[in-house]
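Reminder that position 219 of the sequence shown reads as 503 in the working numbering, one-by-one numbering, no gaps.
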Amino acid sequence: MDTDITFVYHLGAPQTDNDQIIWSIRKDSELMAEHGTLMPRPKGYRLHISNMIAELDGEIPSVVDQETLLGALIKRQKVSRLLLSDSKYMADPSWIFINGVFYDNAERNTAILRNLFPENPTEFFLGIANPASFIPAVFKAQNNKSYENFIAGTDLATIRWSDVISRIQQANPDCPITVWCNEDTPVIWPRVLRNFAGLDSKIRLQGELDIINGIISEEGKRLLVKYLDDRPKLTEIQREQVRAVFLEKFFLHHAIEEEIDLPGWTEETVEALTAIYEDDIKRIAEMPEVTFLAPKREPDAGEPKDKD
285 MDTDITFVYH
295 LGAPQTDNDQ
305 IIWSIRKDSE
315 LMAEHGTLMP
325 RPKGYRLHIS
335 NMIAELDGEI
345 PSVVDQETLL
355 GALIKRQKVS
365 RLLLSDSKYM
375 ADPSWIFING
385 VFYDNAERNT
395 AILRNLFPEN
405 PTEFFLGIAN
415 PASFIPAVFK
425 AQNNKSYENF
435 IAGTDLATIR
445 WSDVISRIQQ
455 ANPDCPITVW
465 CNEDTPVIWP
475 RVLRNFAGLD
485 SKIRLQGELD
495 IINGIISEEG
505 KRLLVKYLDD
515 RPKLTEIQRE
525 QVRAVFLEKF
535 FLHHAIEEEI
545 DLPGWTEETV
555 EALTAIYEDD
565 IKRIAEMPEV
575 TFLAPKREPD
585 AGEPKDKD
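(1) Would you say the beta carbon of leucine 477 comes nearer than 7 Å to a heavy atom of the ligand FAD?
(2) Looking only at C-alpha atoms, which of Ile380, Ala395, Ser308 sits nearest to phenylalanine 418?
(3) Determine the extent of the beta strand (DSSP E) in which glycine 411 is found, giving its start and end residues.
(4) How would you call valine 348, buried or exposed, if buried means at least 16 neighbouring beta carbons within 10 angstroms?
(5) Once you ignore the five residues that flank cysteine 459 on each side, which residues in its own chain have a CB closer than 7 Å to its CB?
(6) Can the beta-carbon of leucine 354 be found less than 8 Å from the beta-carbon of valine 292?
(7) Can you give me the C-alpha to C-alpha distance between glycine 504 and aspartate 563, rounded to a whole angstrom?
(8) Could you tell me whether the region 486-506 touches the region 323-335, using the rule of 3 or more Cβ pairs below 8 Å?
(9) What residues are listed by DSSP as bridge partners for serine 369?
(10) Determine the direct distance from the alpha carbon of glycine 296 to that of methionine 374, and round the result to whole angstroms.
(11) Could you round the C-beta distance between isoleucine 500 and leucine 531 to whole angstroms and report it? I think they count as a contact, below 8 Å.
(12) Would you call alanine 425 buried or exposed, if buried means 16 or more other Cβ atoms sit within 10 Å of its Cβ?
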């Protein structure tokens with residue numbers, strides 16, 4: 285068993301990038317291969333992993349089982365970093381509030397992932413989102429439960445991503461975890477991709493604009509590409525600042541706006557959850573052993589001037 289391979293699990297969350305991280309990375313499959321990184325197609329690896337977990341029923345796999353699973357995941361490719369993504373790794377979306385606790389099984393399920401290859405380095409990546417938009421989106425995407433059964437008596441005021449992250453850390457003390465806010469992905473997506481793939485910050489990727497392109501106008505897309513192409517010497521921080529400016533100027537509000545209609549929810553509910561989330565982000569940014577990705581600022585970033 286090759287214990288030098290690093291296993292990197294993207295845990296979701298559901299209804300954040302919706303598998304975009306997979307397809308953005310796979311646009312550069314040849315570049316990834318040059319660096320020993322592999323992002324397989326999800327249809328294959330998800331089935332192999334779920335089948336192995338079901339067969340093991342909580343037990344540590346034998347070396348033979350590990351080699352069999354690894355062979356199914358990488359085929360005959362030479363790999364040093366294996367990227368695996370599934371928003372169901374922490375829990376099926378319809379069960380994120382099991383026992384009235386936000387991701388109550390996060391530590392158990394991530395430990396199972398970690399122990400599929402117990403002698404190999406393992407990392408976790410997690411995109412989080414404002415519960416005020418996250419909960420309605422996840423509930424809407426599932427059709428198995430009523431809202432009452434879905435929320436399972438959870439006190440909304442207790443929902444903290446930092447608690448989930450802390451429990452993952454406690455269950456997997458040797459596994460680094462990288463976290464970012466879904467709300468920031470239009471700006472920081474290239475950095476998310478490079479961190480996930482383990483690449484140098486100077487490497488350009490084909491999928492860098494995949495997120496922002498989905499929520500800005502056609503004119504904005506064209507001008508953004510031209511602006512960045514005309515300024516190849518911009519630092520990554522400067523490029524982030526440019527994306528932020530274009531996002532503000534060319535944002536399509538209808539691209540992400542959704543009506544929140546859940547039993548018992550009011551404007552006050554949304555405001556309270558948002559305030560809790562904003563405080564929670566500050567806590568996560570200070571958590572030890574957590575790499576928190578957030579937009580950065582740099583003086584004289586060469587951002588585009590508004591001609592008006």
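Ideal Cβ positions, reconstructed from N, Cα and C, are used throughout, including at glycine. Quick caveat: nothing in here was measured; it's all calculated off a predicted structure.
Let me spell this out:
(1) Because no ligand of any kind appears in the structure shown, any question about the ligand FAD cannot be addressed here.
(2) For the residues Ile380, Ala395, Ser308, the minimum Cα distance to phenylalanine 418 belongs to Ile380.
(3) From DSSP, the beta strand (DSSP E) with glycine 411 extends over 406-412.
(4) With fewer than 16 Cβ atoms within 10 Å of its Cβ, valine 348 is classed as exposed.
(5) Around cysteine 459: Arg398, Thr406, Glu407, Phe408.
(6) Against a cut-off of 8 Å, the Cβ pair of valine 292 and leucine 354 comes out as no contact.
(7) Distance between the alpha carbons of glycine 504 and aspartate 563 is about 32 Å.
(8) No, the region 486-506 is not in contact with the region 323-335.
(9) Looking at the DSSP output, serine 369 bridges to His294.
(10) So the two alpha carbons sit approximately 8 Å from each other.
(11) Contact holds; Cβ gap of about 6 Å.
(12) Classification of alanine 425: exposed, given that the 10 Å Cβ count is below 16.
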